[in-house]
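Colleague: Be aware that the sequence shown starts at 231, since it is given in the numbering used here, and climbs by one per residue. I have a structure here, written as structure tokens, and I will follow up with some questions on it.
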Amino acid sequence: MSRIGERNEETDKASVSSKVADDSQMTTIYAVYLIAALDITWMFLQFSVTPYLAKKLGFDTLWFGYLQTTVGVIQLLGGPMFGRFADLFGARTALSLACASTVVFFLLLAIADTPAMLFIHKIPTIFMHVLPASQMVVTDLTKPEKRADALSKLGLCFGIGMIVGSTLGGQLSKLYGEKFTAYFGAAGSAFSLLLVLKFIPKNTKAETTRGNTTDDNRKKSVFNLGEITRLMKFPTVMQTFIIKIVAGLPSGIFQVMFSIIALEFFKLQPEQNGYLMAYFGIVQMVIQGGVIGRLTARYSDNSLLLLSIGVSSLVGLAQAYIQNVWQFCLNILPMMFSLSVFNVITDSMLTKSVPSSDTGTMLGLCASVQSLLRTVGPTIGGFLDDSTRQPSRESDTSQAFCLACSKTQKKERRWKSAVDFKNKHYIHTYFPFLVTAIIRSYPIIPVCRFCALFKFLR
């Protein structure tokens with residue numbers, strides 16, 4: 231009887247300990263959600279400052295594209311290294327570095343009074359990866375089968391931050407000017423840093439995922455490119471990355487140039503732009519909080535991935551004919567659905583494909599994909615806008631399609647001259663949809679086949 235009593239007592243202690251651990255993990259996750267929402271708030275606060283400050287300093291569409299490209303290049307280099315840094319030194323250190331960099335970013339923005347300073351203030355973005363670090367914490371503390379749903383809740387935080395930041399930024403810029411808004415963002419980022427130091431544990435990874443001492447010593451380098459690129463050799467990782475880049479390019483061009491579209495095409499004032507971004511946030515909140523979790527519980531990742539790209543194709547087709555902001559607001563609904571599902575599913579698939587000890591590095595690579603799109607997107611979008619004097623709702627893939635059509639129909643000169651520039655948008659995202667369908671049909675696709683596919687379509 232005494233042994234049975236001891237076993238029951240041990241079982242009770244284990245259950246209590248497990249419950250305490252679960253409560254602690256949930257507290258950490260909720261804190262991460264709050265930190266992510268605040269960070270997105272400050273970032274959208276910045277979106278209400280930078281385009282208008284750039285215009286005051288004499289930037290045209292092309293130079294604004296160069297400015298955004300600078301951010302993309304910096305974060306493209308910093309994303310994988312930051313993810314590696316988070317894996318090696320823990321979540322608290324990584325988030326602290328990201329929040330501190332955001333403080334410096336806003337302080338430099340506040341004192342930017344020349345075009346050169348506007349470029350210099352982008353340098354701290356090399357460490358500004360609060361959202362990938364938050365994704366790493368959520369990934370570490372959730373089970374694989376619940377990961378997509380948990381990551382989608384970060385998208386809900388994104389929507390909240392978009393609403394609050396856009397509305398607040400527009401009002402602050404209107405009432406007090408750009409400098410005050412930038413200083414406000416710096417103060418808010420400092421508050422986020424305090425939350426990190428208070429609620430985020432030093433390390434969120436399980437003890438079982440840590441390697442032996444020799445292996446750790448070999449890997450103790452943030453700049454170990456071999457350890458970063460090693461993740462690309464895991465099954466399906468390279469495929470998913472190709473899909474993420476190809477299918478995300480048209481939408482990426484539109485996203486990075488949206489500030490200019492709102493300013494030049496829709497002629498929106500700062501407060502009106504803030505209201506539009508708040509509408510973006512409301513739509514994203516509904517989709518991320520109430521739709522994606524139910525979809526991931528019923529359907530496979532591959533099915534949802536194809537669904538998101540299919541919807542994106544229809545969105546791209548509709549964008550070619552948008553004439554006013556009300557039509558654009560209707561188009562936002564399916565656009566946000568496709569973007570939200572696509573980003574959540576691809577991130578979930580990639581983190582499931584690697585060991586849990588490397589999730590930070592993998593999410594850093596995911597962030598670098600977005601940075602890559604922001605690198606090439608503004609330059610392409612700025613060039614298209616500067617060349618055609620039409621908002622950059624088109625993509626380079628649609629131009630490539632029209633060139634292919636002109637080559638195969640050389641005799642039909644009248645057809646070629648009759649094609650309007652905006653009608654080139656027909657293949658805006660049908661091209662990535664086709665490529666994705668072909669890639670997903672193979673367990674492993676060599677890079678040479680992928681390159682040959684591009685050559686054939688050209």
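Note that CB positions come from ideal geometry on N, CA and C, so glycine has one too.
1) Around the Cβ of Thr397, are there at least 16 other Cβ atoms within 10 angstroms (buried) or fewer (exposed)?
2) Within this structure, are the beta carbons of Ser419 and Trp293 separated by less than 8 Å?
3) Return helix, strand or coil for Ile341, following the three-state DSSP convention.
4) Using the beta-carbon count (16 or more within 10 Å), is Met392 buried or exposed?
5) Relative to the C-alpha of Ile512, which candidate in Cys596, Ile390, Phe558 and Ala321 has its C-alpha closest?
6) Please classify Asp290: does DSSP put it in a helix, a strand, or coil?
7) Taking C-beta to C-beta, are Ala378 and Ser568 nearer than 8 Å?
8) Nearest-angstrom Cα distance between Leu702 and Leu580?
9) Of the residues Val368, Val555 and Val516, which one's Cα is nearest the Cα of Gln502?
10) Could you name the residues of the same chain whose beta carbon sits closer than 8 Å to that of Thr355, not counting the 5 residues immediately before and after it, in chain order?
11) Round the Cβ separation of Leu384 and Gln401 to the nearest angstrom and send it over; I've been treating them as touching at under 8 Å.
12) How close, in whole Å, do the beta carbons of Val367 and Ala328 come, if the pair is a contact with beta carbons under 8 Å?
13) Does the beta-carbon of Arg524 have 16 or more other beta-carbons within 10 angstroms, so that it is buried, or is it exposed?
14) For the ligand ADP, is there a heavy atom less than 7 Å away from the beta-carbon of Ala420?
15) Among the residues of its own chain, which have a CB less than 8 Å from the CB of Ile562, if the five just before and after it don't count?
16) If you reduce the DSSP assignment to three classes, tell me which class Met507 lands in.
17) Helix, strand or coil for Lys409? Go by DSSP, reduced to three states.
18) Going by other Cβ atoms of all chains shown within 10 Å of its Cβ, with 16 needed for buried, is Glu375 buried or exposed?
19) Say whether the segment 274-281 touches the segment 407-425, bearing in mind that this needs 3 or more beta-carbon pairs closer than 8 Å, one atom from each stretch.
20) Helix or strand or just coil, what does DSSP make of Pro374?
21) Apart from the five residues on each side of it in sequence, which residues of its chain come closer than 7 Å, Cβ to Cβ, to Pro564?
22) Can you tell me whether Phe357 is helix, strand or coil according to DSSP?
23) Does the beta-carbon of Tyr260 have 16 or more other beta-carbons within 10 angstroms, so that it is buried, or is it exposed?
24) Which runs of the alpha helix (DSSP H) spanning at least 4 residues fall entirely within the segment 458-502, listed in chain order?
25) Express the C-alpha separation of Glu494 and Gln553 in angstroms, rounding to a whole number.
26) Could you please give the first and the last residue of the uninterrupted alpha helix (DSSP H) stretch that includes Gly540?
27) Answer yes if the segment 279-295 comes into contact with the segment 333-353, meaning at least three C-beta pairs across the two stretches below 8 Å, and no otherwise.
28) Where does Val665 sit, in a helix, a strand or coil, going by DSSP?
29) Which residue from Leu371, Ser382, Ser422 and Gly590 puts its Cα closest to that of Val521?
30) In or out: Ala492 buried (at least 16 other Cβ within 10 Å) or exposed?
31) Applying the criterion that 16 or more other CB atoms from any shown protein chain within 10 Å of the CB defines a buried residue, is Gly407 buried or exposed?
32) Is Thr434 helix, strand or coil by DSSP?
33) Excluding five sequence neighbours on each side, which residues of the same chain lie with their C-beta closer than 7 Å to the C-beta of Ala380?
34) How many Å lie between Ile353 and Met256 at the Cα?
35) Rounded to whole angstroms, what is the Cα-Cα separation between Leu535 and Thr466?
36) Give every residue of the same chain whose Cβ lies closer than 6 Å to the Cβ of Met462, excluding the five residues on either side of it in the sequence, and list them in chain order.
Modeller: Taking the coordinates as given:
1) To locate residue 397, count along the sequence shown from 1; it is residue 167. Under this definition Thr397 is a buried residue.
2) Here residue 419 corresponds to residue number 189 of the sequence shown, with the count starting at 1. Here residue 293 corresponds to residue number 63 of the sequence shown, with the count starting at 1. Contact flag unset, no.
3) Here residue 341 refers to the residue found at position 111 of the sequence shown. Coil.
4) Position 162 of the sequence shown, counted from the start, is the residue given in the question as residue 392. Classification of Met392: buried, given that the 10 Å Cβ count is 16 or more.
5) Position 282 of the sequence shown, counting from 1, holds the residue named residue 512. Ranking Cys596, Ile390, Phe558 and Ala321 by Cα distance to Ile512 puts Ile390 first.
6) Reading the sequence shown from its first residue, position 60 is the one you call residue 290. Looking at Asp290 - three-state DSSP - the assignment turns out to be coil, as it is neither helix nor strand.
7) Your numbering for residue 378 matches position 148 in the sequence shown. Your numbering for residue 568 matches position 338 in the sequence shown. Not a contact, by the Cβ cut-off of 8 Å.
8) Since the first residue of the chain shown is 231 and the last is 688, residue 702 is not available in this structure.
9) As a working note, residue 502 is residue 272 in the sequence shown. The shortest Cα separation from Gln502 among Val368, Val555 and Val516 belongs to Val555.
10) Here residue 355 is taken as the residue at index 125 of the sequence shown, counted from 1. Excluding positions up to five away in sequence, the list reads Val301, Ile304, Gln305, Gly308, Ser331 and Phe335.
11) What you label residue 384 is simply residue 154 of the sequence shown in a count that begins at 1. What you label residue 401 is simply residue 171 of the sequence shown in a count that begins at 1. About 26 Å separates the two Cβ atoms, so there is no contact after all.
12) The count along the sequence shown starts at 1 and reaches residue 367 at position 137. The count along the sequence shown starts at 1 and reaches residue 328 at position 98. That belief does not hold up - the Cβ atoms of Val367 and Ala328 are roughly 12 Å apart, past 8 Å.
13) Within the sequence shown, numbered from 1, the residue matching residue 524 stands at position 294. Counting Cβ neighbours within 10 Å, Arg524 comes out exposed, since fewer than 16 surround it.
14) This structure does not include the ligand ADP; it has no bound ligands of any sort.
15) The residue labelled residue 562 in the question sits at position 332 within the sequence shown. Tyr509, Phe510 and Val513, listed in sequence order.
16) Position 277 of the sequence shown, counted from the start, is the residue given in the question as residue 507. Helix.
17) What you label residue 409 is simply residue 179 of the sequence shown in a count that begins at 1. Three-state result, Lys409: helix.
18) Translated into positions along the sequence shown, residue 375 becomes position 145. Flag for Glu375 reads exposed.
19) yes
20) Here the question's residue 374 lines up with position 144 in the sequence shown. Three-state DSSP puts Pro374 in a helix.
21) Here residue 564 corresponds to residue number 334 of the sequence shown, with the count starting at 1. Here the set comprises Val541, Leu544 and Val545.
22) Residue 357 sits at position 127 when you count from the first residue of the sequence shown. Looking at Phe357 - three-state DSSP - the assignment turns out to be coil, as it is neither helix nor strand.
23) Here residue 260 refers to the residue found at position 30 of the sequence shown. Tyr260 is exposed by the Cβ-count criterion.
24) 467-486
25) Position 323 of the sequence shown, counted from the start, is the residue given in the question as residue 553. Position 264 of the sequence shown, counted from the start, is the residue given in the question as residue 494. Each residue's Cα considered, the two are about 13 Å apart.
26) Within the sequence shown, residue 540 is the residue found at index 310, counting from 1. Asp531 to Gln549 is the extent of the alpha helix (DSSP H) around Gly540.
27) yes
28) Counting from one through the sequence shown, the residue named residue 665 turns up at place 435. Confidence is the limiting factor: at Val665 the pLDDT is only 44, short of 50, which leaves the residue's position unreliable, though a coordinate-based value still follows. Correct three-state label for Val665: helix.
29) Walking along the sequence shown from the start, residue 521 turns up at place 291. If we check each option's Cα against that of Val521, Ser382 comes out closest.
30) For the purposes of this step, residue 492 is taken as the residue at position 262 of the sequence shown. The residue in question, Ala492, is buried, as its Cβ has 16 or more Cβ neighbours within 10 Å.
31) Numbered from 1 along the sequence shown, position 177 holds the residue referred to as residue 407. Classification of Gly407: exposed, given that the 10 Å Cβ count is below 16.
32) Looking up residue 434 in the sequence shown gives position 204. Coil at Thr434, not helix or strand.
33) By one-based count along the sequence shown, residue 380 stands at place 150. For Ala380, where only same-chain residues beyond five positions count, the Cβ hits under 7 Å are Val368 and Thr372.
34) Counted from its first residue, the sequence shown places residue 353 at position 123. Counted from its first residue, the sequence shown places residue 256 at position 26. Computed Cα separation, rounded: 34 Å.
35) Here the question's residue 535 lines up with position 305 in the sequence shown. Here the question's residue 466 lines up with position 236 in the sequence shown. Whole-angstrom Cα-Cα distance: 14 Å.
36) Reading the sequence shown from its first residue, position 232 is the one you call residue 462. For Met462, where only same-chain residues beyond five positions count, the Cβ hits under 6 Å are Met468.
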